[in-house]
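The structure appears right after this line, and notes come after that.
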Amino acid sequence: MSPKGGHLKDEGSKLQVVTAGAIAGLVSRFVVAPLDVVKIRLQLQPYSLSDPLAPLREAPAYRGTVHTIKHILKHEGLTGLWKGNVPAELMYVCYSAVQFTAYRSTTVFLQTALPDNRRLPDSAETFIAGAVSGAAATGATYPLDLLRTRFAAQGRQRVYSSLRGALWDIRRDEGLRGFFRGLAPALGQIVPFMGIFFASYEGLRLRLGHLHLPWGSGDATAGIAASVLAKTAVFPLDLVRKRIQVQGPTRSRYVYSDIPVYTSAVRALRAIYVTEGFRGLYKGLPISLIKAAPASAVTLWTYERSLKLLMSLDKDEGEASI
């Protein structure tokens, strides 16, 4: 896609581009799903990683990604690595649609609501539009995010028999509010993430802009570094969100049956820091950062090939109709 939003000669129609993008996203989500399950399991682990007496039973105090994968394969089988993938795939499609629509609408509003002499700087417009679209997409798709976490948190004991069953059980036992447990920290991390990202990116871009590295320009490097910094800064809120998502009447039935009860995000942060240490706030961070690389690679690879396939099919149909 060109920066202006149009497409170049051989880039396909808008419908082909959107379709290829959706296919690429779905395939990418499927490929990195095991890493997502591992991250969630590590985040939900309520034990201190430095405690030598941490319980080692069906749900051991995992010491890293490899141990987590081995344990899941041994006790839950290969399919255990894809628990929660269906709501995750649905969430991805819906999230992208809402985010794109909200981003575009907010940008148009900001550009037309104020006279030209009072227009916001481009960076401010992007920040506001990004924060609004992120908040809108997060709120709209949050029940799917909660379902993904709960399915990924299931061990050998099945808490929910199906996606439909989970919807019914949560609505019956927890009410509509049950679908939005942990929404506050989820929304709370969006604005600081955007702020840290843009501040870091602008600062690094000036220093790295002239570099040409094997994986891209200095701007690309600044973007990657800014993303890592921003994700790391808000990660404790992501961890708290996962812990709160599994609260409720089914809390004791997940792979970790002794996840503490948290009544608010602030109290959860304090409790985790006291009982699990500073490292406890960053459980799952390494795998969270690592999965971004294969996710991007699979997305780009699938997008290019899907687009070429769609264009060739369209070309064949056009030639057949002549």
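In this text, residue positions in the sequence shown follow UniProt numbering: the first is 1, and each later residue adds one.
Backbone N, C-alpha and C fix where the C-beta goes; we use that ideal spot for every residue, glycine too.
Predicted, not measured: the structure shown is a model, and the values here were computed from it.
Contact defined as beta carbons within less than 8 Å: I believe residue i pairs with residue j. What is the distance between those atoms, to the nearest angstrom?
| i | j | result |
| --- | --- | --- |
| A295 | S28 | 5 Å |
| P185 | V240 | 5 Å |
| G134 | I190 | 4 Å |
| T19 | C94 | Not a contact, Cβ separation roughly 16 Å. |
| R181 | I244 | 5 Å |
| G139 | L187 | 7 Å |
| Y273 | G284 | Rounded, the Cβ-Cβ distance is 16 Å, inconsistent with contact. |
| V246 | T126 | Contact doesn't hold; Cβ gap of about 35 Å is too wide. |
| L204 | A226 | 6 Å |
| A102 | A136 | 4 Å |
How many Å lie between residue i and residue j at the Cα?
| i | j | result |
| --- | --- | --- |
| Q154 | I23 | 28 Å |
| L147 | F179 | 8 Å |
| L78 | L163 | 20 Å |
| E58 | R41 | With a pLDDT of 46 at E58, under the threshold of 50, the predicted position of this residue should be treated as unreliable, and no value is reported. |
| I224 | R172 | 43 Å |
| L229 | L237 | 14 Å |
| Q99 | L15 | 18 Å |
| G25 | K39 | 19 Å |
| S264 | K242 | 13 Å |
| L167 | V266 | 28 Å |
| D219 | D122 | 17 Å |
| K74 | I290 | 24 Å |
| S252 | V17 | 45 Å |
| V234 | D169 | 31 Å |
To which residues of the same chain is residue i closer than 7 Å at the C-beta, ignoring the five residues directly before and after it?
| i | result |
| --- | --- |
| E76 | G155, R156 |
| A271 | P260, Y262 |
| Y201 | A222, G223, A226 |
| S306 | A20, I23, A24 |
Under 8 Å Cβ to Cβ from residue i, same chain only, skipping five residues before and after it: list those, please.
| i | result |
| --- | --- |
| L120 | L110, L114, I128 |
| I69 | P34, V38, L81 |
For residue i, I'd like the list of residues in its chain whose CB is within less than 6 Å of its CB, leaving aside the five on either flank, ordered along the chain.
| i | result |
| --- | --- |
| F151 | K83, G84 |
| L183 | Y142 |
| L144 | P87, L90, M91 |
| T250 | V159 |
| K315 | none |
With a threshold of 8 Å between beta carbons, is residue i in contact with chain C?
| i | result |
| --- | --- |
| L206 | The structure shown contains no chain C; it is built from a single protein chain. |
Are the stretch 192 to 209 and the stretch 119 to 135 touching, with three or more C-beta to C-beta distances below 8 Å?
-> Contact annotation: the stretch 192 to 209 touches the stretch 119 to 135, with at least three C-beta pairs closer than 8 Å.
Would you check if there are 3 or more beta carbon pairs closer than 8 Å linking the stretch 251 to 264 to the stretch 27 to 45?
-> Result yes; three or more Cβ-Cβ pairs closer than 8 Å.
Do the stretch 296 to 314 and the stretch 78 to 94 touch if we need at least three Cβ pairs shorter than 8 Å?
-> The way I'd put it, the stretch 296 to 314 doesn't touch the stretch 78 to 94; fewer than three beta-carbon pairs between them come closer than 8 Å.
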